[in-house]
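Enquirer: Here it is: the structure, laid out below.
Chains as they are written, first to last, in the numbering used here: chain A, 1 to 311; chain B, 312 to 759; chain C, 760 to 960.
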């Protein structure tokens, strides 16, 4: 693996390898006083976040540091980025300065793909930490990892993804990865929050959450961003919550083993009732914990092998 | 030397080869085994002769973005592409919304002299869509503007559009509309469909174009004015045009002002399609390379097919390049930050051969119609798109139909290199371009 | 450590160093040696644990433990110790999958840990194992048992128990097959053929 840009078209065997590595790393670190592996000593990992996301950036940073990589955080403000330097020039500068891996979060869909193209010669790996409305592959991997933990496997499971699919990179990455791993994915949203063209995705589409819950093995809630609420995509937060919020009554419609996931940050009371978020059925803190191990696994697969030129 | 003898050409690709003697800017003689001791002889055996091409939609970028194209380089690209007249869009900096900028472009075009450069005037001041520009002053300027457009922006306000259409009647002019309902394309990045949904690119619905085209056709019919629809890109627009033209073709243009002579037979509603919308589809977007970013966006194969058929049928009148040079830094960036547009002047003919001639949708007479005669008619050019007959202006192009070439952006005459056809091998090659008897381009080189 | 590709299809000349029977006898002999050297059946014996290094060190450790139990009546706890994350040659090879590390009940603190691997070669795997082991506790002592020692050490590391010493050249490959992971028990010496199909000298 040279880059991790998307889960679309991912080879299921590769995805499972990464998940297995994550599980092994989790076990390797379990109960340790010193959570530090020497594996990536001497490797330099740069996080480049053009959007604020403390949780994702910190998760990558911890992952890199636990594997002894040198992790450097570049934020869009306070660097040359804010002085109008192009993404391409910033990336080439970081590569020339010795970055082995660039982890990028960017508001433009495809930014990570472009970056990988520009860094082809430098040999730098690129991890997509979220590009616009396109993909967020490590989130999907950590979701799959959490589902494996809780359900045993993803294959054959029915995963209901609820909310703003239109703008969600988490939804896109999960659709590709979970279906590649053999899950049935159901997307539930008001029609205004589903992309035109979703008919061609390998999923079932529904507008009725209650109808999908009794057969759900997992319910994954998507974040509804504040700007969408005022963008006329639905009449009001209250109406959204009534139709698509996961409350206790709705949770009772799901089978006893069903898991609740949320990529965070949560809007309690709107997308998810507090009692549901804090119930044992919710795997939301597991997701965060697994995120570190999955990102360690991704770094391992990207960086702990021979340079491709020497292969 | 003011005489040229073209040997062995086939007029409109038909019949036996003939020789064509050009003298003093007109076609003096057509026959076999012509000879003239004073004439420059061009051996054009087997080449197809067509009237010189007319591009209704070119961005020459001067004034303002001379780092991407100038009137000189754009004229060179046009001549090399077989064009003898181009219409320069108004979205320069400053905007061509007044006679001063208009006359500058016109004069500069004459100085370069490789093609007739006709400036297009802006419909509204600063392309702002709010206040009509001084259309009359531009029409009566030295450039004699007959085409107005806010291209790059839609004249979205229906009342402003109605007024523009109405007002232009007195100027014997046509309003060329960039049909894009702005409220439906806020932040839009790619044709709204499965490809955009997968790539996470904000959707650019076909209806944003179709709704404006429908509205404008109704307005043009209502006020009896002439409307030209720029860069038609969807199958739905074709359907709207098909309907409107059954009502609209018959409209007689009116000219009431003194000094403006109306031309007979100009269409009430006309439309153009770009070469790239005939050939390319949104499948190309998967690379996120903004060389494929264009406005309107590349659509689906079903749309491209409908456009090719509409062009063959005449529902779409002509091919226009929407030649849009952009600097490297405006293209070699992330998709959303990139500017829309692609080069087109030097590749247009080859793309038309590939998409229309080879599949049998158009013969060479058809190519002459969509690339020369019809656009000249729409824009009211009396000396372009003329028949290849004795006594007519020697404004023509010779094409080697059997040649093919591989497109290299760096080798094109434009300052910018943003061609979506990089590395593609395309059929047909422009061999010689003649403007009023003068060879402007020959065998891939400009004749200054 | 020898190549992972036990079923490698590369053209190679192959010679059997140990048969299935030889493997069984060798493991039995090593079990006796461990019992003798550690005196684990003595009343004041130290607590011994066997830590197999995946892949093939793991089943080997379990076999060794079974023989030890058979010969001495003492049940020796076994575990596995994956050293991949501690290797210093990760950037010289394709991605290695991680394998499980499982500590025996009671951990390794103050135990006599016998590391078990199939082939001792450069010694780098064992160096990595010593680093890995350190993360899991503080053994009283560490010993090393290998089925085959093929020489060519690059570090000052020596095995305490060796099933068989095999002189090899660097270009050769020693492959240990164990029925838990392969189709049979055997130890093979492979000599890669050069592209002309000739045996390299």
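We put the beta carbon where it would ideally sit given N, CA and C, even for glycine.
Under 7 Å between C-beta atoms, does residue 853(C) make it to chain A?
Expert: Taking a beta-carbon distance threshold of 7 Å, residue 853(C) counts as an interface residue toward chain A.
Enquirer: Can you tell which of 789(C), 945(C), 870(C) has its C-alpha closest to the C-alpha of residue 934(C)?
Expert: 945(C)
Enquirer: For residue 594(B), which of 611(B), 513(B), 676(B), 623(B) has the nearest alpha-carbon?
Expert: 611(B)
Enquirer: I'd like to know if the segment 727 to 737 of chain B and the segment 360 to 370 of chain B are in contact, where contact means that at least 3 CB-CB pairs between them fall below 8 Å.
Expert: In short, these stretches do not touch, since the Cβ pair count stays below three.
Enquirer: In chain order, what residues of the same chain lie with their CB nearer than 8 Å to the CB of residue 515(B), ignoring the 5 residues before and after it?
Expert: Within its own chain, the residues whose Cβ lies closer than 8 Å to the Cβ of residue 515(B), once the five positions on either side in sequence are excluded, are 496, 499, 500, 501, 502, 503, 507, 607, 608, listed in chain order.
Enquirer: Using 8 Å as the cut-off, can you tell me whether the segment 637 to 652 of chain B makes contact with the segment 735 to 744 of chain B, which would need three or more C-beta pairs spanning the two stretches below that distance?
Expert: no
Enquirer: If distances are taken between C-alpha atoms only, which option among 408(B), 451(B), 429(B) comes closest to residue 437(B)?
Expert: 408(B)
Enquirer: Which residues in chain A have a C-beta closer than 8 Å to the C-beta of residue 508(B)? List them in chain order.
Expert: 195, 196, 197, 198, 200, 201
Enquirer: Pull out every residue of the segment 522 to 536 of chain B whose Cβ sits closer than 9 Å to any Cβ of chain A, in chain order.
Expert: none
Enquirer: Comparing the C-beta of residue 28(A) with each C-beta of chain C, is any distance below 7 Å?
Expert: yes
Enquirer: Would you kindly report the start and end of the unbroken alpha helix (DSSP H) that includes residue 472(B)?
Expert: 469 to 480
Enquirer: Going by alpha carbons, who is nearest to residue 554(B) out of 493(B), 526(B), 341(B), 615(B)?
Expert: 526(B)
Enquirer: Leaving aside the five residues before and after residue 561(B) along the sequence, list all residues of the same chain whose C-beta is less than 6 Å from its C-beta, in chain order.
Expert: The predicted model places residue 561(B) with a pLDDT of 47, which falls under 50 and marks its position as unreliable; any figure quoted below should be read in that light. Excluding sequence neighbours, residue 561(B) sits near nothing in its chain.
Enquirer: Sorted by chain position, which residues of the same chain lie with C-beta nearer than 6 Å to residue 574(B)'s C-beta, five sequence neighbours on each side aside?
Expert: For residue 574(B), the pLDDT reaches just 47, beneath the cut-off of 50, and the residue's location in the model is therefore unreliable, leaving the point undetermined.
Enquirer: With a threshold of 7 Å on Cβ separation, who are the neighbours of residue 281(A) within its own chain once the five nearest residues in sequence on each side are excluded?
Expert: 251, 258, 259, 260
Enquirer: On the premise that residue 389(B) lies in contact with residue 426(B), defined as a C-beta separation below 8 Å, what is that separation, rounded to the nearest angstrom?
Expert: 4 Å
Enquirer: Note down, in chain order, every chain C residue with its Cβ under 8 Å from the Cβ of residue 181(A).
Expert: None at all; the shortest Cβ gap to chain C is about 18 Å.
Enquirer: How big is the Cα-Cα spacing for residue 570(B) and residue 513(B)?
Expert: For residue 570(B), the predicted model reports a pLDDT of 40, less than 50, meaning its position is unreliable; a value from the coordinates is still stated below. About 49 Å.
Enquirer: Please report whether the beta-carbon of residue 209(A) lies at a distance below 7 Å from any beta-carbon of chain B.
Expert: no
Enquirer: Inspect the beta-carbon positions of residue 839(C) and residue 856(C) and report whether they are closer than 7 Å.
Expert: no
Enquirer: For residue 452(B), which residues in the same chain have their Cβ closer than 7 Å to its Cβ, ignoring the five residues on either side in sequence?
Expert: 410, 413, 414
Enquirer: Could you confirm whether any beta carbon from chain B is found closer than 7 Å to the beta carbon of residue 7(A)?
Expert: Put simply, the CB of residue 7(A) is far from chain B, with every gap to its CB atoms at 7 Å or more.
Enquirer: By DSSP's criteria, residue 334(B) is part of a beta bridge. Which residues make up the other side?
Expert: 314(B), 337(B), per the DSSP bridge assignment.
Enquirer: Is residue 160(A) near residue 144(A), with beta carbons less than 7 Å apart?
Expert: Cβ atoms of residue 160(A) and residue 144(A): not closer than 7 Å.
Enquirer: Using 7 Å as the threshold, is the C-beta distance between residue 787(C) and residue 823(C) below it?
Expert: In this structure, residue 787(C) keeps its C-beta atom at 7 Å or more from the C-beta atom of residue 823(C).
Enquirer: Can you find the residues in the same chain that come closer than 6 Å, C-beta to C-beta, to residue 377(A), ignoring five residues on each side of it along the sequence?
Expert: It is not possible to answer for residue 377(A), since the shown part of chain A is limited to 1 through 311.
Enquirer: Check whether the Cβ of residue 163(A) lies closer than 7 Å to any Cβ atom in chain B.
Expert: no
Enquirer: Straight-line CA distance for residue 52(A) to residue 598(B)?
Expert: 26 Å
Enquirer: Whose CA, out of 139(A), 231(A), 301(A), 21(A), lies closest to the CA of residue 192(A)?
Expert: 231(A)
Enquirer: Quick one: is residue 312(A) buried, meaning 16 or more other Cβ sit within 10 Å of its Cβ, or exposed?
Expert: What the structure shows of chain A is the stretch from 1 to 311, and residue 312(A) is not part of that stretch, so it cannot be assessed.
Enquirer: Which word fits residue 265(A), buried or exposed, when buried means at least 16 other C-beta atoms lie within 10 angstroms of its C-beta?
Expert: exposed
Enquirer: If you measure from the beta carbon of residue 122(A) to each beta carbon in chain B, is any gap under 7 Å?
Expert: False, the Cβ-Cβ gap to chain B never drops below 7 Å.
Enquirer: Between the C-alpha atoms of residue 866(C) and residue 898(C), what's the straight-line distance to the nearest angstrom?
Expert: 9 Å
Enquirer: What does residue 487(B) pair with, by DSSP beta-bridge criteria?
Expert: Beta-bridge pairing by DSSP links residue 487(B) to 460(B), 539(B).
Enquirer: Between residue 541(B) and chain A, is any beta-carbon pair separated by less than 7 Å?
Expert: no
Enquirer: Quick one: measure Cβ to Cβ for residue 114(A) and residue 130(A), integer angstroms, because I've assumed they're closer than 8 Å.
Expert: With a Cβ gap of about 14 Å, residue 114(A) and residue 130(A) do not count as contacting.
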